[in-house]
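Reviewing the structure listed below.
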Amino acid sequence: MFKDTTGYLWIYSELGIARFDGYNSKLFRHNSNDANSILDNPVEEAFLLPDGNIYLETLEEARLYDPQKLAFNKSFACKLGTGYISYSYRLKKDNNAFFFFTEEKLVRVSNAECDYFQLPEDWHFRNTTAASDSLSNIMLNVSGRVYVFKSNVKRFAQINLYDRFGKLDTSVFSVAYSSVAHNFIAISKKHLYRYDKNTDEFLPGLDLHQAGTVQQRYEDDILLHQNNYFAFTRDGKLYKLNIKTGVEKIVQLNKKIPEIEIDGLKMGLIDKNGILWIYSSYMGFFRYDILSDQFEQFVHEPGQEGSIPTNNIITIVPDDEGMAWIGCGVKGLVKMEPVMKVMEHLSPGENKKKIVYNNDVINVRSFLETESGYLVGAIQGFFRYDVAKKEFFLETTPYSHYKSSVSAMTRDKSANFWCGTWQGLIGVVNSKSKKEIKFKIQIGATEVRTLFCDSKNTMWIGTGAGKIYTVKVNEIDFQNPASLRACLNFIF
C-alpha cells in the first residue's frame, strides 16, 4: 500500500490493484476482453517511482500507470530477469536517468533504453543497503563492504573503510545519504563514517557502542530522517542514533504483549508531526515521537470495537490530515482517526475458512499428529487442535518456551520430538525423559525450512540458504547438551 503524488491510496494484493480516494475505489484487474487491463490478477509488487510513475509487476510482466487513460498500459522498458525492483533513484548529472537495483544488476533507464551493470557481489536482502545523492553517485553496502557507482564512469569500485586504528572494517551494515549534511554516511558495528568527496574514502567520525546489536534485514528496516537514524536490534527493539552527536538509544517498544519476542518489526514513515509509524506481524503497531521519545502501542483488544482487528499489520500510510490507513492481515483496510484514535473498518470481515485463534489469524507452517488431535506450528508459536472439541488452543507444555516462529517439526524413529524455527533454532525433546537439548545454526541464512527422518534414524535438516545438514539420532546424548551440535554434519 502506498500513496501517489495526487493523494490517491493504492492497495494491491492477489486480487489486483485498487485506487482509493478515502471514499470510493477503482479496481484494476485482468480482463481478457480488455487489452489495457493488467495481464494477471496477483500483483507481486507495486510502488511509486521517483519520477511519479506508478510501477506494477505481475507474474506476466511489468507495466506503468497511464493517468490519462486510467490504465496500466505503458510497457516498462527493461527486462528485469529475477528479483524485484529495490532502491530506485534519479541522477540529475546523468541526464536525469532512472536507476534501480534488482537481485542481479543495477539497471539504468534513459530515453526508453536500458543499460545493465553487474553487481560486485551477490545481492542479499538481509545484508544489503544502498543510497544516492541524486546527482551522480550511488553507494552500495553488501555483506559489510561498500562500493560506489559513479555515473560518469559507469562501474562499481570498492571503497575500503579503516577504523581509528587503521584496521580494515568489514562490519558495515548500512549506508545512507544525509539531506542535512549533504553527504553519505556508513554505519558499522564500530563507527559512523563520513564520506570525503576529495579523497573518495569514508573516514571514521563517531565511535559507536550499541550498533553491534542492530540487525539489518530488509530495505524497510532502516530510516534516516534529518539527524536521526533508526533501525531494529536483533531482539526486536528500536535503535536510534543521532548522526551528528553520536548519542545512541535502544527502546523496548513492545510493552503490551511481552510474551511475544519475535523481531517482526517494520519501519514505516515519519509524518509531518514528527511521528514515526512502526508496524509488526505480531505486536500491532506503534506511534513513536522522534523528539520526545514517547510512544504508543496499539494492539487488538477482544470486545473493543475501536481497537485494531488484528495484531498482524501489513503496512501503514499516514496522511497529511492526521489520519492513518492501516493494512491488516486478512482483515483488510482500517482507517485510524487522528483525535480519538478509533479504528474504522473499511473492508469486509475475515474469510471464515482461515484458522483463527483469539480473533487473530494463525500463519501455519507445520503439523504433527498427537493422541488428541494435532500440534500446529505457526509464526505465532505452537497451537493444539483438539479433534473432539474441534477447537484450537495455545500450547503451553512442553513447548511454550519457544518464542520464535515455528517453521518445521517432526518425530524421529525413536519418537523424539524435533522442532526448527524461522530464527534457526533446533530443539529435540527426548520421548522418555522429556529432557531437551537445543542449539542454533550459525552458518549462512539460518531459517530451518524442513526436517525429515530417514529409515536409518538420521535427521535431515534443510535451511533457507539452501544448505543441508544431517544428525545421527542414535549418537545424541541427552545428558550432554553439546552432543547435538557434535553430531551435526554439513552435507552441502
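Position 176 (the sequence shown) corresponds to 192 in my numbering; numbering is contiguous.
Think of the CB as a built atom: it goes at the ideal place given N, C-alpha and C, for glycine as much as any other residue.
#### Entry: When Thr437, Gln439, Asp428, Gly440 are compared against Asn446, the one with the closest alpha-carbon
Taking the first residue of the sequence shown as 1, we reach residue 446 at position 430. Residue Asp428 is the option with its Cα nearest to Asn446.
### Message
What does the Cβ neighbour count give for Asn367, buried or exposed, with the cut at 16 atoms within 10 Å?
### Response
Numbered from 1 along the sequence shown, position 351 holds the residue referred to as residue 367. Because the pLDDT at Asn367 is just 41, under 50, the model does not fix this residue reliably, and the point stays unresolved.
### Assumed close pair Ala78, Phe92 - CB separation to whole angstroms, cut-off 8 Å
Here the question's residue 78 lines up with position 62 in the sequence shown. Here the question's residue 92 lines up with position 76 in the sequence shown. Sure, about 4 Å apart at Cβ, within 8 Å.
### Message
Please report the distance separating the alpha-carbon of Glu129 from that of Phe114.
### Response
Along the sequence shown, one-based indexing puts residue 129 at 113. Along the sequence shown, one-based indexing puts residue 114 at 98. Each residue's alpha carbon lies about 10 Å from the other.
### Query
Would the C-beta of Gly228 count as close to the ligand MG, meaning under 7 Å from any of its heavy atoms?
This structure lacks the ligand MG, and indeed carries no ligand of any kind.
### Message
Let me make sure I understand the geometry here. Which of Phe246, Gln84, Val191, Phe218 has the alpha-carbon closest to that of Leu177?
### Response
Your numbering for residue 177 matches position 161 in the sequence shown. Taking only the C-alpha atoms, the option nearest Leu177 is Phe218.
### Task
Determine the extent of the beta strand (DSSP E) in which Ala247 is found, giving its start and end residues.
Looking up residue 247 in the sequence shown gives position 231. Taken as a continuous stretch (DSSP letters only), the beta strand (DSSP E) holding Ala247 covers 244-248.
### Task
Please determine, among Lys260, Phe301, Ser297, Ile286, the residue with the shortest C-alpha to C-alpha distance to Leu269.
Translated into the one-based positions of the sequence shown, residue 269 becomes position 253. Here the closest residue by C-alpha is Phe301.
### Task
Run the CB neighbour count on Thr22, radius 10 Å, all protein chains shown included, and call it buried at 16 or more, exposed below.
Stepping through the sequence shown from its first residue, residue 22 is reached at position 6. Thr22 comes out exposed.
#### Entry: Residue range of the alpha helix (DSSP H) that includes Leu72
Residue mapping note: residue 72 aligns to position 56 of the sequence shown, counting from 1. Segment 70-74 is the beta strand (DSSP E) holding Leu72; no alpha helix (DSSP H) there.
### Query
Can you list, in chain order, the residues of its chain whose CB lies under 6 Å from that of Asp287, leaving out five sequence neighbours each side?
Locating residue 287 in the sequence shown gives position 271, where the first residue counts as 1. Hits under 6 Å: Pro334.
### Message
Comparing C-alpha positions only, which one of Ser388, Val392, Gly393 sits nearest to Val403?
### Response
As a position in the sequence shown, residue 403 is number 387, starting the count at 1. When each option's Cα is compared against that of Val403, the closest is Ser388.
### Task
Please report the residue range of the beta strand (DSSP E) in which Ser167 lies.
As a first step, residue 167 is located in the sequence shown; it is residue number 151 there, counting from the start. Counting along the chain, Ser167 falls outside any beta strand (DSSP E), and DSSP gives it neither H nor E.
### Task
Please report the residue range of the alpha helix (DSSP H) in which Leu500 lies.
The residue given as residue 500 occupies position 484 in the sequence shown. From DSSP, the alpha helix (DSSP H) with Leu500 extends over 499-502.
### Query
For Lys108, does the count of other Cβ atoms within 10 angstroms reach 16, so buried, or fall short, so exposed?
Within the sequence shown, residue 108 is the residue found at index 92, counting from 1. Classification for Lys108: exposed.
### Task
Please go through the same chain and pick out, in chain order, the residues whose beta-carbon is closer than 6 Å to the beta-carbon of Phe264, but skip the five residues on each side of it.
Taking the sequence shown and counting its residues from 1, the one referred to as residue 264 is at position 248. In the sequence as displayed, the identity of residue 264 is Glu instead of Phe. Around Glu264: Gln226, Leu257.
### Query
From Arg106 to Ser150, what distance separates their C-alpha atoms?
Numbered from 1 along the sequence shown, position 90 holds the residue referred to as residue 106. Numbered from 1 along the sequence shown, position 134 holds the residue referred to as residue 150. Taking the straight line joining both Cα atoms gives about 6 Å.
### Task
To the nearest angstrom, report how far apart Phe117 and Pro136 are at their CA atoms.
By one-based count along the sequence shown, residue 117 stands at place 101. By one-based count along the sequence shown, residue 136 stands at place 120. Each residue's Cα considered, the two are about 12 Å apart.
### Task
Pick helix, strand or coil for Ile371, following the three-state DSSP scheme.
Taking the sequence shown and counting its residues from 1, the one referred to as residue 371 is at position 355. Residue placement at Ile371 is poorly supported in this model, since its pLDDT is 48, which falls under 50; the coordinates are not used for a value here.
### Task
Give me the Cα-Cα distance between Glu30 and Lys85, rounded to the nearest whole angstrom.
As a first step, residue 30 must be located in the sequence shown, where it is residue number 14. As a first step, residue 85 must be located in the sequence shown, where it is residue number 69. Taking the straight line joining both Cα atoms gives about 23 Å.
### Task
Measuring alpha carbon to alpha carbon, tell me which of Gln495, Asn243, Leu500, Ala202 ends up nearest Ile477.
The residue labelled residue 477 in the question sits at position 461 within the sequence shown. Closest option to Ile477, Cα to Cα, is Leu500.
### Query
What did DSSP end up calling Ala192 once you bin it into helix, strand or coil?
Translated into the one-based positions of the sequence shown, residue 192 becomes position 176. If DSSP states are grouped into helix, strand and coil, Ala192 belongs with the strands.
### Query
Hey, how far is the Cα of Leu307 from the Cα of Asn243?
Along the sequence shown, read from residue 1 onward, the residue named residue 307 stands at position 291. Along the sequence shown, read from residue 1 onward, the residue named residue 243 stands at position 227. If I take the Cα positions, the gap works out to 11 Å.
### DSSP beta-bridge partners of Asn258
The residue you call residue 258 lines up with position 242 of the sequence shown. Paired residue(s): Asn244.
### Query
Bridge partners of Glu61, per DSSP?
Here residue 61 refers to the residue found at position 45 when the sequence shown is read from its first residue. Paired residues: Glu73.
### Query
Do you know how far the Cα of Lys271 is from the Cα of Ser471?
Here residue 471 refers to the residue found at position 455 when the sequence shown is read from its first residue. Here residue 271 refers to the residue found at position 255 when the sequence shown is read from its first residue. Distance between the alpha carbons of Ser471 and Lys271: 47 Å.
### Query
For Asn143, does the three-state DSSP call read helix, strand or coil?
On the sequence shown, residue 143 is found 127 positions in, with the first residue counted as 1. It is helical.
### Beta-carbon spacing of Tyr103, Ala146 below 8 Å
Reading the sequence shown from its first residue, position 87 is the one you call residue 103. Reading the sequence shown from its first residue, position 130 is the one you call residue 146. The answer is yes: Cβ separation under 8 Å.
#### Entry: Status (buried if at least 16 other CB within 10 Å, exposed otherwise) for Ala502
Along the sequence shown, read from residue 1 onward, the residue named residue 502 stands at position 486. Exposed, by the Cβ-count rule.
### Message
In this structure, how does DSSP classify Ala340 when only helix, strand and coil are distinguished?
### Response
Numbered from its first residue, the sequence shown carries residue 340 at position 324. It is a strand residue.
### Message
Could you give the first and the last residue of the continuous beta strand (DSSP E) run that contains Gly478?
### Response
Within the sequence shown, numbered from 1, the residue matching residue 478 stands at position 462. Run containing Gly478: 474-479, per the beta strand (DSSP E) assignment.
### Task
Could you tell me the distance, in whole angstroms, from the CA atom of Arg381 to the CA atom of Trp434?
Within the sequence shown, numbered from 1, the residue matching residue 381 stands at position 365. Within the sequence shown, numbered from 1, the residue matching residue 434 stands at position 418. When rounded, the distance between both Cα atoms is 14 Å.
### Message
With a threshold of 6 Å on Cβ separation, who are the neighbours of Asn89 within its own chain once the five nearest residues in sequence on each side are excluded?
### Response
Here residue 89 corresponds to residue number 73 of the sequence shown, with the count starting at 1. Excluding sequence neighbours, Asn89 sits near Asn52, Asp82.
### Task
State buried or exposed for Leu292, treating a residue as buried only when at least 16 other CB atoms are found within 10 Å of its CB.
Taking the sequence shown and counting its residues from 1, one reaches residue 292 at position 276. Flag for Leu292 reads buried.
### Query
Is Asp185 near Ser204, with beta carbons less than 8 Å apart?
By one-based count along the sequence shown, residue 185 stands at place 169. By one-based count along the sequence shown, residue 204 stands at place 188. Going by C-beta atoms, Asp185 is nearer than 8 Å to Ser204.
### Task
Give the DSSP-derived three-state secondary structure of Asp402 in the structure shown.
Within the sequence shown, residue 402 is the residue found at index 386, counting from 1. Note: Asp402 maps to strand in three-state DSSP.
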